[in-house]
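Taking it in order: structure first as structure tokens, then the write-up.
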Amino acid sequence: MLRDLSIANFAIIDELRVSFEEGLNVISGETGAGKSILIGAVSLLLGDRAAADMIRTQTDTATVEALFDIQGNRALQEKLAQMGFAAGDDLVIRRVISRSGKNKAQINGQMATLANLAAISESLINICGQHEHQVILFAENHIDILDAFGGILDARREYAAVYDRFQQCLGRIAKLEELRRRSAEKADWIRFQLEEIKSLNPRAGEDAQLADERKVLANARTLADRADRAYALLYADSGSVGEQLKEALSQIREIQKIDPGLNLRPADVEGSYVILQEAALALRDYQKKLVFDPERLAAIDERQDALGRLKRKHGGTLEAVLARKREMEEELQSVSGAEEELARLKKEKDAAAGELREKALGLSTMRQQAARSLERSVDREIHDLNMPHASFAVKFLRRCPEDETACGPKGGDEIEFYLTANAGEEPKALHKIASGGELSRIVLALKNVLTRIGSVDTVVFDEVDSGIGGATAEIVGRKLKTLSAHHQV
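Numbering (our numbering), first residue to last: 992 to 1480.
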């Protein structure tokens, strides 16, 4: 319950403090006196956005503060505690608006966000003003009013969770199918390129090996001649290095027979001879293996040309070709994986669709029951408001619940409120009601009905007497008085 409201430098108000009591509280005055400014100040405390033009002229900041008595409102106290705020019997909300844009919000002395204020506002105050008239005029809001009246909001939240899951599946399926379409076109080209690489089956370092082999083949005769000449010089010819080394070894041994003081081991010379002999034999074997093979040379040239074409297509090196081959294999694998993911998503979508249809049907059944109850309740209220022949109706535009794609975020129903103001008239949609007085009474009737089932302690009516007077105004006053028996009004 709202106990005190303090306002400083807000709009045309210099400084004001208003205390409120239980039951009915009435603020009256001439048009332009500032009554609606109080409503605007309270709306700020409930999380409305602030603007610099709300600050009183020639001042830099505006302050709005309210004290609420929440003793016994355990649900609100628990919500405050869960949000990290002190939770006792009193609740103080404070807003400070600055021209510099450094606005502040506090809950029980602790810094708060507008989201925090909005989260607790639904348990504090319900404001019914000209905006509420507009809300009730628009048919898209009628389903929310019906669901709130019927206690269906929890069931609708469960439905919404399934709906979101269903929509996510549809979105992901659409993306995957588009990816599959593009991938199918691309996959054919990838397979063509991959087959070209696989048909050649290049090996890492093969191009360098081929270059070395070609160099040897192209120079086979020259290499054979040089190897033969080197072999002859080292070992085969008369007067070869081998013969001369052999003769040198013989002379060393003769010297040492006469003079052992020669500091030279024949074994070292013998080792050199063995090494030379091995080198000569290696040259002989190398020369024998060298064969000029024009067919092999042509095959190497052809292979190098083919590898060169691949390298030009795929990065310039054989390593790049092999890397691209791995990439293309992975891309084709991902296409296959996308097919598996698509199949899984379709199963998930089908399961969500079945659950969605079931919950949509459940919501629709609950709404039809709630609609009849709301019609009876509103009819009683508007009859009491000097509209004895009026009739309120909830009309359903039922979308086929068997078709889950026809369901929206609030279910498979479209509804609209209709009013028959006088006997013999055709029902009219609320937005087609010309009389402001009739609309005001419908708003009051709905508010009375909804307030009785709601948990809010305080209800604020702004310009509730708009468009009415005389006996009807007296009846409206009595209705407000009746409502104040159980709520602060």
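From the three backbone atoms N, C-alpha and C, an ideal C-beta is built for every residue, glycine too.
From a predicted model like this one, the values you see are computed outputs, not experimental measurements.
Original post:
So what's Gln-1159 in DSSP terms, helix, strand or just coil?
Top reply: Three-state DSSP puts Gln-1159 in a helix.
**OP:** Please confirm if the segment 1435-1452 is in contact with the segment 1353-1369, defined as three or more CB-CB distances below 8 Å between the two stretches.
**Re:** Yes, they touch.
Original post:
Looking at the unbroken alpha helix (DSSP H) that takes in Thr-1463, where does it start and where does it end?
Top reply: Taken as a continuous stretch (DSSP letters only), the alpha helix (DSSP H) holding Thr-1463 covers 1461-1474.
Subject >> Range of the contiguous alpha helix (DSSP H) that encloses Tyr-1277 >> reply: Boundaries of the alpha helix (DSSP H) around Tyr-1277: 1257-1280.
**OP:** Would you kindly report the start and end of the unbroken beta strand (DSSP E) that includes Tyr-1409?
**Re:** Per DSSP, Tyr-1409 is one residue of the beta strand (DSSP E) stretching across 1404-1411.
Original post:
Are the CB atoms of Ser-986 and Ile-1118 nearer to each other than 8 Å?
Top reply: Only positions 992 to 1480 of the chain appear in the structure, and residue 986 is not among them; the question remains open.
Original post:
Do the CB positions of Ala-1072 and Arg-1086 come within less than 8 Å of each other?
Top reply: Not closer than 8 Å, so no.
Original post:
Over what stretch of residues does the alpha helix (DSSP H) that includes Lys-1070 continue unbroken?
Top reply: In the DSSP assignment, Lys-1070 falls within the alpha helix (DSSP H) that extends over 1065-1073.
Subject >> Sub-8 Å separation of Leu-1388 and Glu-1405 beta-carbons >> reply: Yes, these two residues count as a Cβ contact at 8 Å.
Original post:
Can you name, in chain order, every residue of its own chain whose Cβ lies under 7 Å from the Cβ of Ala-1221, other than the five neighbours on each side?
Top reply: Answer for Ala-1221: Leu-1274, listed in chain order.
Original post:
Any idea which residues DSSP pairs Thr-1052 with across the strands?
Top reply: Partner(s): Ser-1089.
Original post:
Leaving out five residues before and five after His-1477 in sequence, what residues of the same chain have Cβ atoms less than 6 Å from its Cβ?
Top reply: Non-local C-beta neighbours of His-1477 in its own chain, meaning closer than 6 Å and more than five positions away in sequence, are absent.
Original post:
Skipping 5 residues on each side, what residues in its chain have a beta carbon closer than 7 Å to that of Asp-1284?
Top reply: Answer for Asp-1284: Leu-1208, listed in chain order.
**OP:** Under 7 Å Cβ to Cβ from Ile-1373, same chain only, skipping five residues before and after it: list those, please.
**Re:** Excluding positions up to five away in sequence, the list reads Ala-1381, Phe-1383, Arg-1432, Ile-1433 and Ala-1436.
**OP:** Measure the CB-CB distance between Leu-1240 and Glu-1269 and report whether it falls below 8 Å.
**Re:** Against a cut-off of 8 Å, the Cβ pair of Glu-1269 and Leu-1240 comes out as no contact.
Subject >> Three or more C-beta pairs below 8 Å linking the segment 1308-1321 and the segment 1169-1185 >> reply: Yes, the segment 1308-1321 touches the segment 1169-1185.
**OP:** Please find out if some non-hydrogen atom of the ligand GDP comes closer than 7 Å to the beta-carbon of Phe-1387.
**Re:** Within the structure as shown, the ligand GDP is missing, as the structure has no ligands at all.
Original post:
I think Phe-1140 touches Ala-1361, with their Cβ atoms under 8 Å apart; what is that distance to the nearest whole Å?
Top reply: 6 Å between Cβ atoms; contact.
Original post:
Measuring CB to CB, does Leu-1067 end up less than 8 Å from Val-1083?
Top reply: Val-1083 sits away from Leu-1067, with the two beta carbons spaced by 8 Å or more.
Original post:
With distances taken between CB atoms, is the gap from Lys-1470 to Asp-1375 smaller than 8 Å?
Top reply: Contact annotation: Lys-1470 and Asp-1375 have beta-carbon atoms nearer than 8 Å.
Original post:
When we look at the beta-carbon of Thr-1048 and count the other beta-carbons within 10 Å, is it buried (16 or more) or exposed?
Top reply: Answer is exposed; the Cβ neighbour count stays below 16.
Original post:
Counting pairs of Cβ atoms below 8 Å between the segment 1231-1247 and the segment 1184-1192, do you hit three or more?
Top reply: Because the criterion of three Cβ pairs below 8 Å is not met, the segment 1231-1247 and the segment 1184-1192 do not touch.
**OP:** On the DSSP bridge assignment, give the partners of Glu-1006 in chain order.
**Re:** For Glu-1006, the beta-bridge partners assigned by DSSP are Ala-999.
Subject >> Residue range of the unbroken beta strand (DSSP E) whose run includes Ile-1111 >> reply: Under the DSSP assignment, Ile-1111 falls outside any beta strand (DSSP E), being part of the alpha helix (DSSP H) whose first and last residues are 1105-1112.
Original post:
By a C-beta neighbour count over all protein chains shown, 10 Å radius and 16 as the cutoff for buried, is Arg-1147 buried or exposed?
Top reply: With 16 or more other Cβ atoms within 10 Å, it is buried.
Original post:
Between Leu-1037 and Leu-1137, is the Cβ-Cβ spacing less than 8 Å?
Top reply: Contact flag unset, no.
**OP:** Counting only runs of 4+ residues fully inside the segment 1136-1213, write out the alpha helix (DSSP H) ranges in chain order.
**Re:** Under the rule that a run must span 4 or more residues, the alpha helix (DSSP H) segments found entirely inside the segment 1136-1213 read 1144-1191 and 1197-1209.
Original post:
Would Pro-1193 be called buried (16 or more neighbouring beta carbons within 10 Å of its own) or exposed?
Top reply: Buried, by the Cβ-count rule.
Original post:
Cα separation between Lys-1093 and Ala-1032?
Top reply: Approximately 18 Å, taken between the alpha carbons.
Original post:
So which of Leu-1029, Phe-1129, Met-1074 and Asp-1135 has the shortest CA-CA distance to Ala-1110?
Top reply: Minimum Cα distance to Ala-1110 is reached at Met-1074.
Subject >> Other residues of its chain near Thr-1052: CB distance less than 8 Å, five sequence neighbours each side excluded >> reply: Once the five neighbours on either side are set aside, the close Cβ partners of Thr-1052 are Asn-1000, Ile-1046, Val-1087, Ile-1088, Ser-1089 and Arg-1090.
**OP:** Give a yes or no on whether the C-beta atoms belonging to Leu-996 and Leu-1029 are separated by under 8 Å.
**Re:** When the beta-carbon positions are compared, Leu-996 and Leu-1029 come within less than 8 Å of each other.
**OP:** Going by CA-CA distance only, name the one from Met-1378, Gln-1159 and Gly-1252 that's closest to Leu-1333.
**Re:** When C-alpha distances from Leu-1333 are compared across Met-1378, Gln-1159 and Gly-1252, the shortest belongs to Gln-1159.
Original post:
Does DSSP put Ala-1096 in a helix, a strand or coil?
Top reply: In the three-state scheme derived from DSSP, where H, G and I count as helix and E and B as strand, Ala-1096 is classed as strand.
Original post:
Quick one, which of Lys-1280, Leu-1236, Pro-1251 and Leu-1185 has its alpha-carbon nearest Ser-1263's?
Top reply: The option with the nearest alpha carbon to Ser-1263 is Leu-1236.
Original post:
Exposed or buried, which one is Lys-1340 when buried takes at least 16 other CB atoms within 10 Å?
Top reply: Under this definition Lys-1340 is a buried residue.
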